[in-house]
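Participant: Heads up, the sequence shown is in numbering that gives the first Met the number 0, so the first residue is 0 and it goes up one at a time.
In this text, a Cβ means the ideal position worked out from N, Cα and C, and glycines have one as well.
Bear in mind the structure is a predicted one, so any value in this text is a computation, not a measurement.
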Amino acid sequence: MPDAFDNWIEKLFARWMGELTHQEVARALKALTRDYVQRRTRLRGKALEGRGKQAAFALYYAPRHFVIVREVLKALGTAATGESPMPLIDLGCGSGVAGAAWSLHAGGNVVGVELDPEILREAAFTFKDLGIRGGGVRCHLAKYRWPKPPVGIVAAFTINELDEQDRERVWAELEKQVKCGSRVLIIEPLATRIAPWWQDWAERAIAIGGRADEWHFEVDLPERVHLLGKSAGLKPERLGARTIWI
0 MPDAFDNWIE KLFARWMGEL THQEVARALK ALTRDYVQRR TRLRGKALEG RGKQAAFALY
60 YAPRHFVIVR EVLKALGTAA TGESPMPLID LGCGSGVAGA AWSLHAGGNV VGVELDPEIL
120 REAAFTFKDL GIRGGGVRCH LAKYRWPKPP VGIVAAFTIN ELDEQDRERV WAELEKQVKC
180 GSRVLIIEPL ATRIAPWWQD WAERAIAIGG RADEWHFEVD LPERVHLLGK SAGLKPERLG
240 ARTIWI
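Written out as C-alpha coordinates, the structure reads:
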(Lines of atoms letter the chains of each structure in order from A and count residues from 1; the text may use other names and numbers.)
(Lines give C-alpha, C1' and ligand atoms only; values in the text may rest on other atoms or scores of the structure.)
Protein backbone atom coordinates (compact mmCIF):
# COMPACT_ATOMS: atom_id res chain seq x y z
CA MET A 1 0.00 0.00 0.00
CA PRO A 2 1.54 3.37 -1.02
CA ASP A 3 2.31 5.89 1.69
CA ALA A 4 0.76 9.36 1.76
CA PHE A 5 3.58 10.95 -0.23
CA ASP A 6 3.49 8.32 -3.00
CA ASN A 7 -0.30 8.60 -3.14
CA TRP A 8 -0.04 12.36 -3.54
CA ILE A 9 2.50 12.05 -6.37
CA GLU A 10 0.31 9.57 -8.24
CA LYS A 11 -2.73 11.82 -7.94
CA LEU A 12 -0.72 14.87 -8.99
CA PHE A 13 0.36 13.25 -12.23
CA ALA A 14 -3.08 11.80 -12.89
CA ARG A 15 -4.70 15.20 -12.45
CA TRP A 16 -2.22 17.35 -14.36
CA MET A 17 -1.12 15.05 -17.18
CA GLY A 18 -4.60 14.33 -18.53
CA GLU A 19 -4.38 17.13 -21.11
CA LEU A 20 -0.60 17.49 -21.52
CA THR A 21 2.26 15.32 -22.70
CA HIS A 22 5.53 14.79 -20.85
CA GLN A 23 7.34 16.83 -23.52
CA GLU A 24 4.92 19.75 -23.20
CA VAL A 25 5.33 19.89 -19.43
CA ALA A 26 9.12 19.58 -19.74
CA ARG A 27 9.22 22.56 -22.12
CA ALA A 28 7.01 24.55 -19.77
CA LEU A 29 9.24 23.59 -16.83
CA LYS A 30 12.30 24.85 -18.69
CA ALA A 31 10.57 28.18 -19.38
CA LEU A 32 9.28 28.43 -15.81
CA THR A 33 12.73 27.75 -14.39
CA ARG A 34 14.21 30.47 -16.58
CA ASP A 35 11.70 32.94 -15.15
CA TYR A 36 11.61 31.64 -11.57
CA VAL A 37 15.26 30.86 -10.92
CA GLN A 38 17.32 32.76 -13.45
CA ARG A 39 15.21 35.91 -13.76
CA ARG A 40 13.65 35.52 -10.32
CA THR A 41 10.20 36.51 -11.53
CA ARG A 42 7.73 36.33 -8.69
CA LEU A 43 5.54 33.26 -8.86
CA ARG A 44 2.43 35.25 -9.49
CA GLY A 45 0.78 36.64 -12.60
CA LYS A 46 2.71 36.05 -15.81
CA ALA A 47 5.23 33.67 -14.23
CA LEU A 48 2.50 31.03 -13.88
CA GLU A 49 0.38 31.89 -16.90
CA GLY A 50 -0.76 28.93 -18.94
CA ARG A 51 -1.70 25.37 -18.09
CA GLY A 52 1.77 24.12 -19.00
CA LYS A 53 3.63 26.27 -16.48
CA GLN A 54 1.06 25.55 -13.79
CA ALA A 55 1.50 21.83 -14.41
CA ALA A 56 5.28 22.20 -14.40
CA PHE A 57 5.25 23.86 -11.01
CA ALA A 58 2.78 21.35 -9.55
CA LEU A 59 4.64 18.30 -10.87
CA TYR A 60 8.25 19.37 -10.30
CA TYR A 61 8.71 22.27 -7.90
CA ALA A 62 5.92 21.30 -5.49
CA PRO A 63 7.28 17.75 -4.85
CA ARG A 64 10.82 19.15 -4.75
CA HIS A 65 9.85 21.74 -2.15
CA PHE A 66 7.98 19.11 -0.13
CA VAL A 67 11.08 16.90 0.02
CA ILE A 68 13.33 19.82 0.99
CA VAL A 69 11.02 20.87 3.84
CA ARG A 70 10.67 17.26 5.01
CA GLU A 71 14.44 16.78 5.10
CA VAL A 72 15.00 20.09 6.90
CA LEU A 73 12.51 19.07 9.59
CA LYS A 74 14.22 15.70 9.97
CA ALA A 75 17.57 17.43 10.34
CA LEU A 76 16.21 19.81 12.98
CA GLY A 77 15.15 16.75 14.97
CA THR A 78 13.05 17.01 18.11
CA ALA A 79 13.10 20.80 17.95
CA ALA A 80 10.61 20.63 15.07
CA THR A 81 8.39 18.05 16.73
CA GLY A 82 7.36 19.58 20.03
CA GLU A 83 5.59 17.97 22.95
CA SER A 84 2.20 18.02 21.20
CA PRO A 85 0.96 18.99 17.71
CA MET A 86 0.41 22.71 17.16
CA PRO A 87 -1.79 24.40 14.59
CA LEU A 88 0.39 25.13 11.56
CA ILE A 89 0.30 28.30 9.47
CA ASP A 90 1.77 28.10 5.96
CA LEU A 91 2.49 31.67 4.85
CA GLY A 92 2.22 32.23 1.10
CA CYS A 93 1.39 28.56 0.98
CA GLY A 94 1.29 28.06 -2.78
CA SER A 95 0.30 24.42 -3.25
CA GLY A 96 0.52 23.86 0.51
CA VAL A 97 3.50 21.51 0.52
CA ALA A 98 5.50 23.16 3.31
CA GLY A 99 2.69 23.07 5.84
CA ALA A 100 1.79 19.57 4.69
CA ALA A 101 5.35 18.33 5.18
CA TRP A 102 5.42 19.75 8.73
CA SER A 103 2.02 18.26 9.51
CA LEU A 104 3.12 14.79 8.39
CA HIS A 105 6.32 15.20 10.41
CA ALA A 106 4.84 16.43 13.68
CA GLY A 107 1.05 16.47 13.43
CA GLY A 108 -1.20 19.49 13.52
CA ASN A 109 -3.84 20.96 11.24
CA VAL A 110 -2.69 23.36 8.52
CA VAL A 111 -3.99 26.75 7.47
CA GLY A 112 -2.57 27.98 4.18
CA VAL A 113 -2.43 31.74 3.64
CA GLU A 114 -2.48 32.66 -0.04
CA LEU A 115 -3.88 35.51 -2.13
CA ASP A 116 -4.57 33.59 -5.35
CA PRO A 117 -7.80 31.52 -5.15
CA GLU A 118 -6.65 29.07 -7.85
CA ILE A 119 -3.47 28.32 -5.91
CA LEU A 120 -5.51 27.88 -2.73
CA ARG A 121 -7.56 25.25 -4.55
CA GLU A 122 -4.35 23.41 -5.39
CA ALA A 123 -3.37 23.53 -1.71
CA ALA A 124 -6.74 21.96 -0.86
CA PHE A 125 -5.93 19.07 -3.22
CA THR A 126 -2.54 18.68 -1.53
CA PHE A 127 -4.04 18.46 1.95
CA LYS A 128 -6.73 16.03 0.81
CA ASP A 129 -4.40 13.73 -1.13
CA LEU A 130 -1.90 13.63 1.74
CA GLY A 131 -4.62 12.90 4.29
CA ILE A 132 -4.09 16.14 6.21
CA ARG A 133 -6.71 18.31 7.85
CA GLY A 134 -6.18 21.71 6.32
CA GLY A 135 -7.87 24.83 5.07
CA GLY A 136 -7.06 28.13 3.46
CA VAL A 137 -7.28 31.86 4.06
CA ARG A 138 -7.31 34.13 1.02
CA CYS A 139 -5.23 37.09 2.12
CA HIS A 140 -2.06 39.07 1.41
CA LEU A 141 0.57 38.30 4.04
CA ALA A 142 0.92 41.95 5.01
CA LYS A 143 -2.79 42.04 5.92
CA TYR A 144 -3.06 38.64 7.58
CA ARG A 145 -4.78 38.51 10.98
CA TRP A 146 -2.33 36.43 12.94
CA PRO A 147 -3.61 33.62 15.18
CA LYS A 148 -3.24 33.39 18.89
CA PRO A 149 0.09 31.71 19.75
CA PRO A 150 1.56 29.21 20.13
CA VAL A 151 1.46 27.94 16.56
CA GLY A 152 3.97 26.63 14.06
CA ILE A 153 4.64 29.04 11.20
CA VAL A 154 6.39 28.13 7.96
CA ALA A 155 7.27 30.48 5.12
CA ALA A 156 8.88 28.43 2.35
CA PHE A 157 10.17 30.26 -0.73
CA THR A 158 7.80 33.08 0.18
CA ILE A 159 9.49 35.95 2.02
CA ASN A 160 11.64 36.86 -0.98
CA GLU A 161 8.48 37.55 -2.99
CA LEU A 162 7.55 40.41 -0.66
CA ASP A 163 8.75 43.97 -1.02
CA GLU A 164 10.89 45.45 1.74
CA GLN A 165 8.02 47.16 3.57
CA ASP A 166 5.91 44.01 3.68
CA ARG A 167 8.89 41.90 4.74
CA GLU A 168 9.40 44.18 7.73
CA ARG A 169 5.73 43.90 8.67
CA VAL A 170 5.93 40.12 8.51
CA TRP A 171 9.14 40.05 10.57
CA ALA A 172 7.56 42.19 13.29
CA GLU A 173 4.64 39.77 13.54
CA LEU A 174 6.90 36.72 13.52
CA GLU A 175 8.95 38.19 16.36
CA LYS A 176 5.78 38.75 18.41
CA GLN A 177 4.73 35.15 17.76
CA VAL A 178 8.10 33.76 18.84
CA LYS A 179 8.03 35.74 22.09
CA CYS A 180 4.68 34.07 22.86
CA GLY A 181 5.86 30.52 22.20
CA SER A 182 5.35 29.99 18.46
CA ARG A 183 7.96 28.24 16.32
CA VAL A 184 9.00 29.69 12.97
CA LEU A 185 10.66 28.05 9.97
CA ILE A 186 11.74 30.21 7.01
CA ILE A 187 13.13 28.54 3.90
CA GLU A 188 14.69 30.14 0.83
CA PRO A 189 16.98 28.96 -1.99
CA LEU A 190 20.71 28.65 -1.43
CA ALA A 191 21.61 31.51 -3.78
CA THR A 192 22.03 34.60 -1.60
CA ARG A 193 22.11 36.97 -4.57
CA ILE A 194 18.35 36.57 -4.95
CA ALA A 195 17.70 37.26 -1.26
CA PRO A 196 19.92 40.18 -0.18
CA TRP A 197 17.87 40.57 3.00
CA TRP A 198 18.75 37.06 4.22
CA GLN A 199 21.87 37.84 6.24
CA ASP A 200 20.09 40.56 8.18
CA TRP A 201 17.19 38.23 9.03
CA ALA A 202 19.58 35.45 10.01
CA GLU A 203 21.37 37.77 12.43
CA ARG A 204 18.06 38.93 13.91
CA ALA A 205 16.92 35.34 14.37
CA ILE A 206 20.12 34.31 16.12
CA ALA A 207 19.82 37.34 18.41
CA ILE A 208 16.46 36.06 19.70
CA GLY A 209 17.57 32.47 20.17
CA GLY A 210 17.14 31.05 16.68
CA ARG A 211 19.53 29.47 14.21
CA ALA A 212 20.39 29.87 10.54
CA ASP A 213 21.54 26.93 8.45
CA GLU A 214 22.52 25.90 4.95
CA TRP A 215 21.47 22.42 3.87
CA HIS A 216 22.50 20.04 1.08
CA PHE A 217 20.59 16.78 0.83
CA GLU A 218 21.29 13.53 -0.99
CA VAL A 219 17.74 12.31 -1.39
CA ASP A 220 16.10 10.82 -4.47
CA LEU A 221 13.00 12.49 -5.84
CA PRO A 222 10.20 10.23 -7.09
CA GLU A 223 11.17 8.75 -10.47
CA ARG A 224 8.58 10.65 -12.52
CA VAL A 225 9.54 13.95 -10.90
CA HIS A 226 13.24 13.23 -11.48
CA LEU A 227 12.67 12.35 -15.15
CA LEU A 228 10.66 15.52 -15.69
CA GLY A 229 13.51 17.60 -14.32
CA LYS A 230 16.06 15.78 -16.47
CA SER A 231 13.90 16.30 -19.57
CA ALA A 232 13.91 20.04 -18.86
CA GLY A 233 17.71 20.10 -18.59
CA LEU A 234 17.71 20.56 -14.82
CA LYS A 235 19.68 18.81 -12.07
CA PRO A 236 16.96 17.27 -9.88
CA GLU A 237 19.50 15.41 -7.76
CA ARG A 238 20.71 18.69 -6.26
CA LEU A 239 18.52 19.52 -3.28
CA GLY A 240 19.28 22.24 -0.79
CA ALA A 241 18.06 25.36 0.96
CA ARG A 242 18.83 28.03 3.53
CA THR A 243 16.72 28.08 6.66
CA ILE A 244 15.99 30.18 9.69
CA TRP A 245 14.54 28.32 12.66
CA ILE A 246 13.34 30.13 15.76
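Nearest-angstrom Cα distance between threonine 157 and cysteine 92?
Facilitator: Indexing the sequence shown from 1 puts residue 157 at position 158. Indexing the sequence shown from 1 puts residue 92 at position 93. Spanning the two alpha carbons is a distance of roughly 8 Å.
Participant: Does DSSP put glycine 44 in a helix, a strand or coil?
Facilitator: For the purposes of this step, residue 44 is identified with residue 45 of the sequence shown, where counting begins at 1. With a pLDDT of 48 at glycine 44, under the threshold of 50, the modelled position of that residue is not reliable, and the figure given next carries that caveat. DSSP places glycine 44 in helix when its eight states are reduced to three.
Participant: Do you know whose CA, among Ile243, Ser230, Gly239 and Ile245, lies nearest histidine 21's CA?
Facilitator: Here the question's residue 21 lines up with position 22 in the sequence shown. Per the Cα distances, Ser230.
Participant: Do valine 110 and leucine 68 count as a contact pair if the criterion is CB distance below 8 Å?
Facilitator: As a first step, residue 68 must be located in the sequence shown, where it is residue number 69. As a first step, residue 110 must be located in the sequence shown, where it is residue number 111. For the record, residue 68 in the displayed sequence is valine; it is not leucine. Cβ atoms of valine 68 and valine 110: not closer than 8 Å.
Participant: Only counting the same chain, and skipping five residues up and downstream in sequence, which positions put a Cβ closer than 7 Å to that of glycine 134?
Facilitator: Working through the sequence shown from its first residue, we reach residue 134 at position 135. Val110.
Participant: Identify which residue in Asn108, Lys234 and Leu11 has its Cα closest to the Cα of valine 218.
Facilitator: In the sequence shown, counting from the first residue as 1, residue 218 sits at position 219. Of the candidates Asn108, Lys234 and Leu11, the one whose C-alpha sits nearest the C-alpha of valine 218 is Lys234.
Participant: Measuring from the CB of glutamate 121, is there a heavy atom of the ligand GTP at a distance below 7 Å?
Facilitator: Only the bare structure without any ligand can be found here, which leaves the ligand GTP out of the picture.
Participant: Helix, strand or coil for threonine 242? Go by DSSP, reduced to three states.
Facilitator: What you label residue 242 is simply residue 243 of the sequence shown in a count that begins at 1. Strand at threonine 242.
Participant: Taking Cβ to Cβ, would you say tryptophan 15 is nearer than 8 Å to alanine 79?
Facilitator: Here the question's residue 15 lines up with position 16 in the sequence shown. Here the question's residue 79 lines up with position 80 in the sequence shown. No, they are not a contact pair.
Participant: Between the alpha carbons of tryptophan 244 and valine 183, how many angstroms are there, rounded?
Facilitator: Taking the first residue of the sequence shown as 1, we reach residue 244 at position 245. Taking the first residue of the sequence shown as 1, we reach residue 183 at position 184. Distance between the alpha carbons of tryptophan 244 and valine 183 is about 6 Å.
Participant: Buried or exposed for isoleucine 8, please, with buried defined as at least 16 other CB atoms from any protein chain shown within 10 angstroms of its CB.
Facilitator: Counting from one through the sequence shown, the residue named residue 8 turns up at place 9. Buried: at least 16 other Cβ atoms inside 10 Å.
Participant: Identify whether glycine 17 lies in helix, strand or coil by the three-state DSSP scheme.
Facilitator: Counting from 1 along the sequence shown, the entry for residue 17 is found at position 18. Glycine 17 falls in the coil class under three-state DSSP.
Participant: Could you check if threonine 242 is buried or exposed, using at least 16 other CB atoms within 10 Å of its CB as the buried criterion?
Facilitator: For the purposes of this step, residue 242 is identified with residue 243 of the sequence shown, where counting begins at 1. The residue is buried, with at least 16 neighbouring Cβ atoms inside 10 Å.
Participant: Please say whether threonine 125 and leucine 94 have beta carbons closer to each other than 8 Å?
Facilitator: The residue you call residue 94 lines up with position 95 of the sequence shown. The residue you call residue 125 lines up with position 126 of the sequence shown. Note that residue 94 corresponds to serine in the displayed sequence, not to leucine. Yes; because the gap between Cβ atoms is below 8 Å, this pair is in contact.
Participant: For glycine 133, write down the residues that DSSP places opposite it in a beta bridge.
Facilitator: Numbered from 1 along the sequence shown, position 134 holds the residue referred to as residue 133. Paired residue(s): Val109.
Participant: What is the residue span of the alpha helix (DSSP H) that histidine 225 lies within?
Facilitator: Position 226 of the sequence shown, counting from 1, holds the residue named residue 225. That run of the alpha helix (DSSP H) goes 222-230.
Participant: Contact defined as beta carbons within less than 8 Å: I believe glutamate 187 pairs with tryptophan 197. What is the distance between those atoms, to the nearest angstrom?
Facilitator: Looking up residue 187 in the sequence shown gives position 188. Looking up residue 197 in the sequence shown gives position 198. The pair is a contact, with the Cβ atoms about 6 Å apart (cut-off 8 Å).
Participant: I need the straight-line Cα distance from glutamate 172 to alanine 206, nearest angstrom please.
Facilitator: For the purposes of this step, residue 172 is identified with residue 173 of the sequence shown, where counting begins at 1. For the purposes of this step, residue 206 is identified with residue 207 of the sequence shown, where counting begins at 1. Approximately 16 Å between the Cα atoms of the pair.
Participant: Tell me which residues share the same chain as leucine 220 and place their Cβ nearer than 7 Å to its Cβ, disregarding the 5 neighbours each side in the sequence.
Facilitator: Residue 220 sits at position 221 when you count from the first residue of the sequence shown. These residues qualify, in order along the chain: Pro62, Arg63, Val66 and Pro235.
Participant: Excluding the 5 residues preceding and the 5 following alanine 254 in the sequence, name in chain order all residues of the same chain whose CB lies nearer than 7 Å to its CB.
Facilitator: Outside the displayed range of the chain (0 to 245) lies residue 254, so it cannot be described from this structure.
Participant: Which of helix, strand or coil does DSSP assign to valine 153?
Facilitator: For this step, residue 153 is matched to residue 154 along the sequence shown. Strand, per DSSP.
Participant: Kindly provide the ranges of any alpha helix (DSSP H) runs that are 4 or more residues long and lie completely inside the region 39-106, ordered along the chain.
Facilitator: Whole alpha helix (DSSP H) segments, 4+ residues: 50-55, 61-75 and 96-105.
Participant: Alanine 190 lies in the alpha helix (DSSP H); which residues open and close that run?
Facilitator: Stepping through the sequence shown from its first residue, residue 190 is reached at position 191. Alanine 190 -> no alpha helix (DSSP H), and no H or E assigned at all.
Participant: Between the C-alpha atoms of glutamine 164 and tryptophan 200, what's the straight-line distance to the nearest angstrom?
Facilitator: Here residue 164 is taken as the residue at index 165 of the sequence shown, counted from 1. Here residue 200 is taken as the residue at index 201 of the sequence shown, counted from 1. Going from the Cα of glutamine 164 to the Cα of tryptophan 200 covers about 14 Å.
Participant: Between the C-alpha atoms of arginine 210 and glycine 17, what's the straight-line distance to the nearest angstrom?
Facilitator: Working through the sequence shown from its first residue, we reach residue 210 at position 211. Working through the sequence shown from its first residue, we reach residue 17 at position 18. Going by the C-alpha atoms only, they are around 43 Å apart.
Participant: Which residues share a DSSP beta bridge with phenylalanine 12?
Facilitator: For the purposes of this step, residue 12 is taken as the residue at position 13 of the sequence shown. The partner list for phenylalanine 12 (beta bridge, DSSP) is empty, contrary to what the question assumes.
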